[in-house]
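The next block holds one structure in the form of structure tokens; read it before the comments.
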Amino acid sequence: DPKIIQKPKYLVAVTGSEKILICEQYLGHNAMYWYRQSAKKPLEFMFSYSYQKLMDNQTASSRFQPQSSKKNHLDLQITALKPDDSATYFCASSQAPSYNQDTQYFGPGTRLLVL
Amino acid sequence: GDSVTQMQGQVTLSEDDFLFINCTYSTTWYPTLFWYVQYPGEGPQLLLKVTTANNKGISRGFEATYDKGTTSFHLQKASVQESDSAVYYCVLGDSGSWQLIFGSGTQLTVMP
Chain A
2 DPKIIQKPKY LVAVTGSEKI LICEQYLGHN AMYWYRQSAK KPLEFMFSYS
52 YQKLMDNQTA SSRFQPQSSK KNHLDLQITA LKPDDSATYF CASSQAPSYN
102 QDTQYFGPGT RLLVL
Chain B
89 GDSVTQMQGQ VTLSEDDFLF INCTYSTTWY PTLFWYVQYP GEGPQLLLKV
139 TTANNKGISR GFEATYDKGT TSFHLQKASV QESDSAVYYC VLGDSGSWQL
189 IFGSGTQLTV MP
């Protein structure tokens, strides 16, 4: 059974619209993260959450807002979508928020295309 | 800032060839280093992890050694198989922040 679920797998949106990317982890982890992988670029860190609190935000734009309704959920709301937001978005989790000594486990990703 | 450099964008080998992927890193801290592997349509998955406490990691026939002197963390495997075809990422886990810093990745293609 998949331990990190991301929904949907594929998403097509129009410029200016808003979408929510869903992430749930069933690993019992306390820290969750979002990364983005754009075409021809390495994965880029976006956010980290620990015990449902924001720990680090490396996303310049306020159009990206993580939302944590439960300890094992970390959704990503993206508003005013732009074509440059087209990418695959990966959710990850780790056992404890120990400043990166912990292994992060990644979900399968949501591929977003903005037209 | 912290960074990871993988110069080889693509590597093509035949089965049973020796694999060597270069990785160098730059940081002011003492990082944990990882190699992640990504198969098509999937998220990255951990291949091996090395901390400052142990200099070498071995997993599934892959091996990486942490060299603080040359700030390198090369990945090698004695004999690759077609199933090893994937993208390999050298990753820096900086002890001073929450993020993983990924290299640009090396696409390994193993021909049968």
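In order, the protein sequence lines correspond to chains A and B. Residue numbers in the first sequence follow our numbering, run continuously in steps of one, and reach 116 at the last position. Residue numbers in the second sequence follow our numbering, run continuously in steps of one, and reach 200 at the last position. Don't be surprised by glycine CBs; every beta carbon is placed ideally from N, CA and C. Keep in mind the model is a prediction, meaning the values are calculated, not measured.
Proximal residues of chain B, C-beta to C-beta of M56(A) below 8 Å: Taking a Cβ-Cβ threshold of 8 Å, the residues of chain B close to M56(A) are W186, in chain order.
Which residues in the same chain have their Cβ closer than 8 Å to the Cβ of V99(B), if we skip the five residues on either side of it in sequence? L107, I109, T194, Q195, L196, T197
Give the interface partners of G145(B) over in chain A, defined as CB-CB distance under 8 Å, in chain order. Correct list: empty, because the minimum Cβ distance to chain A is about 12 Å.
Chain-ordered chain B contacts of T104(A) [CB-CB under 8 Å]: F122, L134, K137
I need the boundaries of the beta strand (DSSP E) containing S51(A), first residue and last residue. 45-51
For I5(A), count neighbouring Cβ atoms within 10 angstroms of its own Cβ and tell me buried if that reaches 16, exposed if not. Taking every protein chain shown into account, the CB of I5(A) has 16 or more other CB atoms within 10 angstroms, so this residue is buried.
Can you tell me which of S185(B), P128(B), P119(B), D90(B) puts its alpha carbon nearest to the alpha carbon of Y34(A)? S185(B)
Is the beta carbon of S94(A) sitting closer than 8 Å to the one on Q26(A)? yes
Determine the contact status of T93(B) and T112(B), defining contact as a CB-CB distance below 8 Å. Cβ distance < 8 Å, so T93(B) and T112(B) count as in contact.
DSSP bridge partner residues for H162(B) (one or two, in chain order): H162(B) pairs with nothing; no bridge assigned.
Compare the Cα-Cα distances from Q169(B) to each of R148(B), G129(B), D90(B) and report the closest residue. That would be R148(B), whose Cα lies nearest to the Cα of Q169(B).
Return the CA-CA distance between G191(B) and V15(A), expressed in angstroms with no decimal places. 31 Å
The region 8-38 of chain A: positions lying closer than 7 Å to chain B by Cβ: none
For W35(A), report the span of its beta strand (DSSP E) as first-last. Looking at the DSSP string, the run of the beta strand (DSSP E) that includes W35(A) is 32-38.
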